[in-house]
Every structure is written in structure tokens, then in C-alpha cells.
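*Asks:* Quick note on our numbering: the sequence shown kicks off at 57 and runs consecutively.
Please find one structure pasted underneath; my questions will follow.
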Amino acid sequence: MNRKIKSLLFVSVWPLLVFAQKTSVPMDEAHWDLKDAKYRFETFKGHPALALENGEAVLKSGSLKNGTIDFDVAFESGRKFVGIHFRRQDDGNTEDFYLRPHQSGNPDATQYTPVFNGLAGWQLYFGDGYSVPVAYTFGEWMHVRLVINNNRMEVFLVDMEKPLLHAFDLKRMVAAGGISFWTNRGGAWFANFSFEPSDNPALKSAPVKIPALDPLTVPAWRVSQAFAEKEIDGKVSLDKRWKGQLQWGQMGVEYSGVANLARMAQIGENATTVVAAVTVISDKAQVKRLDFGFSDYVRVFCNDQILYEGNDAFTSRDYRFLGSIGYFDAVYLPLKKGRNEIWMAVTENFGGWGIQARFQDLEGLKLE
């Protein structure tokens, strides 16, 4: 290979090598936007650290699509939430991984969730692929590593050889974005932060085959714009004039059957409720059972008449009630021959805005 060709190859490869370099970022105001948080920079347990309480620290320069993020974190015991946003698009749209110190050793000690339009979805995403138990060491540094590759992520905590969590189905679109630390209901220390972009970082976990959608599940919903809950509170029937004010979009469900309504709707003080609707065409007059789950409140209408109202909000039943979504409720739909409109008016408080539904059988039915 002559010298000219070698030189050209070096020039073409060099930018990629620079892009893949590990970047260490000091914990100081020059590198972090503290977003009106309560904070201080100090030495904690021998390391220059950011002490962050009830706020967010956004990396001023740098983004990551795929690659590795490393940092140390420390916190005392007690109820609080300590996390990191990655692929951050703006204040309300990001991927999120966080720790629950007060749940040390419990199945929900950790949490992966997407954030859509300012709303995290931990009530929709729990268990395998989203949360795992771990026992924390309080008041001491713990090293955390995130390895992110397209729609998968591995999280390591202290043990850098074995992943603690394999998030095998990241929910947001794969796109480069920013990074930030955050805390809520308490504080934590962060130190020794670095990130390293990579096109294809190695993961230790085997890929997980995403299950097929249950064929009895409602596969897609028409979803209205968000409106104030008071517009539908107390209604036992729906009138044509009110229905005519709604505007509609279409969304499919995830493999679990859940439609994360925050993907389409922006929650606000006077915008906490949407209608998720499906048309059921029946070949005769009949009654069909529909199992469903929701978060947080629901009103179910069949052909404009109310059938059910329920509340699964966090702590709505007792102080331990999480409000996690699941097929825990059912209605029997009095279907007429022909077209039937099933409307689920779903109201969100916090923790996840979702609906899922599946029929006991689809004999004589067509969904559209």
C-alpha cells in the first residue's frame, strides 16, 4: 500500500476514532445546567461531586445515541428517587433509568421507563425488562454503567461483569439525545461521569424475542385529544354534540396490549382525560366479555351508555397499592347486530397513562 493511500485511509477513519473517544466530564457549573435545582459542588468520600436535591442537572455539551455511560452515585437511606435521563430530546421526552433507595432489596428497587410528553410510565412498565431487585450500600459510592444499543440497554451496578438489568425493549425511537441526572424527594451525590458513543457496543445479554400480540387483544385505538375530566364526570350517556367536539388520532398497542396514551396526549391542568375508542362489528345481538386494564381512572361506554367506572390510582386502595396496569377488570358488552362503539375515557393522575383490552373470544366479531 503506497503512502498516499495510507494517508487517505487515515484521514477517512480519523473522525470516527475521535467520535468514539471516551469523554470525562467534570462535575462543575461550566459543564452542567442545573435547571433551578438545589445543588452544591463538594468533595464527598474522596471524589469531587455534585450534590443534587430535587432537581435536574443537564449535560451542557454532548449527546449519545448508542454507547456507554459511566458514573458513581451515593445516597443515604430514605424515600427518594435518583436517576439518569439518556437520549434526552427535551424536558419531557427522554429515556429514564432510576433507583428507589427506599425499596432496597425489593423487586422495584430499580426502574426503566420511557418518558413521553412529560409523563413517566412506571405503572405500565414493570417486572422483567423494566425493574429488578438490588440491595444498596447507603452512604458509599456505587459505580453505575449503562450500555445502550439501539432498542436494548444493560445496566451494571457495582459488579461490572454481570448486568443487573437487561432492558430488552426500549420504548422510545432510537435517536441521539442529551444526558441528565435527576433526583426527587431527596438528594444524592454524583461523580466520575463519562460517556463513550459507539455504533454497536457489545451487550452481554442474549436478545429476547418479543412475544406476539395476543390475537384477542384490541390491537389499535382511536385516541381523542386530551380534555378536562369534569367534561365527562357524572355522564351516564354521551350526546352527539359533545362527541362531535373531539378530534382523533390512531395508535397501536405494544406487545403487552398496552397503549401508552402519553405518546399522543400532552397532560395538563385541564387536559387529564382522553377517550380511547374501538368499533366492534357484531354479526348478531350478543353479549361479549371484555377484560381490560387501565391507569389511572376509567369510564367505559358501550353505544354511548356507561357500563363501568373504576379507580386504580396510586394508593387509592391502601398505602401499598401501586396501581400497576393489568387485566384485572371486566365488563360484559351488550352488543347489537352491526356497528358498536366502545369508548374508554381514561384519566391520568401520575405514573402512567394507559389502556389495554382483550376479548374472551372474537367469534362473530370484527374490530375496526
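Think of the CB as a built atom: it goes at the ideal place given N, C-alpha and C, for glycine as much as any other residue.
Counting along the chain, where does the alpha helix (DSSP H) carrying ARG143 start and finish?
*Replies:* By one-based count along the sequence shown, residue 143 stands at place 87. Unbroken run through ARG143 is the beta strand (DSSP E), 137 to 146; no alpha helix (DSSP H).
*Asks:* If we define contact as Cβ-Cβ less than 7 angstroms, is SER261 a contact residue for chain C?
*Replies:* Within the model displayed, chain C is absent; a lone protein chain is all it includes.
*Asks:* Are GLY243 and GLN145 closer than 7 angstroms when you measure CB to CB?
*Replies:* Residue mapping note: residue 243 aligns to position 187 of the sequence shown, counting from 1. Residue mapping note: residue 145 aligns to position 89 of the sequence shown, counting from 1. Cβ distance not < 7 angstroms, so GLY243 and GLN145 don't count as in contact.
*Asks:* Of all the options ASN207, TRP197, PRO163, which has the alpha carbon lying nearest to the alpha carbon of SER187?
*Replies:* Locating residue 187 in the sequence shown gives position 131, counting from the first residue. Taking only the C-alpha atoms, the option nearest SER187 is PRO163.
*Asks:* Return helix, strand or coil for PHE66, following the three-state DSSP convention.
*Replies:* Mapped onto the sequence shown, residue 66 falls at position 10. Confidence at PHE66 is low in this model, with a pLDDT of 36, below 50, so its placement is unreliable and no value can be given for it.
*Asks:* Assuming THR150 and HIS141 form a contact by the criterion Cβ under 8 angstroms, report the distance between their Cβ atoms to the nearest whole angstrom.
*Replies:* The residue you call residue 150 lines up with position 94 of the sequence shown. The residue you call residue 141 lines up with position 85 of the sequence shown. Rounded, the Cβ-Cβ distance is 4 angstroms, consistent with contact.
*Asks:* Run through the segment 201 to 231 for me and flag every whole beta strand (DSSP E) of 3 or more residues, listed as ranges in chain order.
*Replies:* List check, beta strand (DSSP E) in window: 208 to 213, 221 to 223.
*Asks:* Can you give the Cα-Cα distance for GLU419 and TYR364, rounded to whole angstroms?
*Replies:* Residue numbering aside, residue 419 sits at position 363 when the sequence shown is read from its first letter. Residue numbering aside, residue 364 sits at position 308 when the sequence shown is read from its first letter. Cα-Cα distance, rounded: 23 angstroms.
*Asks:* Quick one: grab the DSSP three-state call for GLU285.
*Replies:* On the sequence shown, residue 285 is found 229 positions in, with the first residue counted as 1. GLU285: helix per DSSP, three-state reduction.
*Asks:* Between which two residues does the beta strand (DSSP E) carrying TRP45 extend?
*Replies:* Outside the shown range of the chain (57 to 424) lies residue 45, about which nothing can therefore be said.
*Asks:* Closest by CA to THR166, which one among SER117, ALA223, ALA332, GLU132?
*Replies:* As a first step, residue 166 must be located in the sequence shown, where it is residue number 110. If we check each option's Cα against that of THR166, ALA223 comes out closest.
*Asks:* Assign ILE125 to buried or exposed, taking buried as 16 or more other Cβ atoms, counted over all protein chains shown, within 10 Å of its Cβ.
*Replies:* The count along the sequence shown starts at 1 and reaches residue 125 at position 69. So ILE125 counts as buried.
*Asks:* Quick one: what's ALA385 bridged to in DSSP?
*Replies:* On the sequence shown, residue 385 is found 329 positions in, with the first residue counted as 1. At residue 385 the sequence reads Asp, which differs from the Ala that was named. DSSP, once it has assigned bridges, lists PHE348 as partnering ASP385.
*Asks:* What's the call for PHE348, buried or exposed, on a 16-neighbour Cβ count within 10 Å?
*Replies:* As a working note, residue 348 is residue 292 in the sequence shown. It counts as buried.
*Asks:* If we call anything under 7 angstroms between Cβ atoms a contact, is ASN405 one with VAL336?
*Replies:* Stepping through the sequence shown from its first residue, residue 405 is reached at position 349. Stepping through the sequence shown from its first residue, residue 336 is reached at position 280. No; because the gap between Cβ atoms is not below 7 angstroms, this pair is not in contact.
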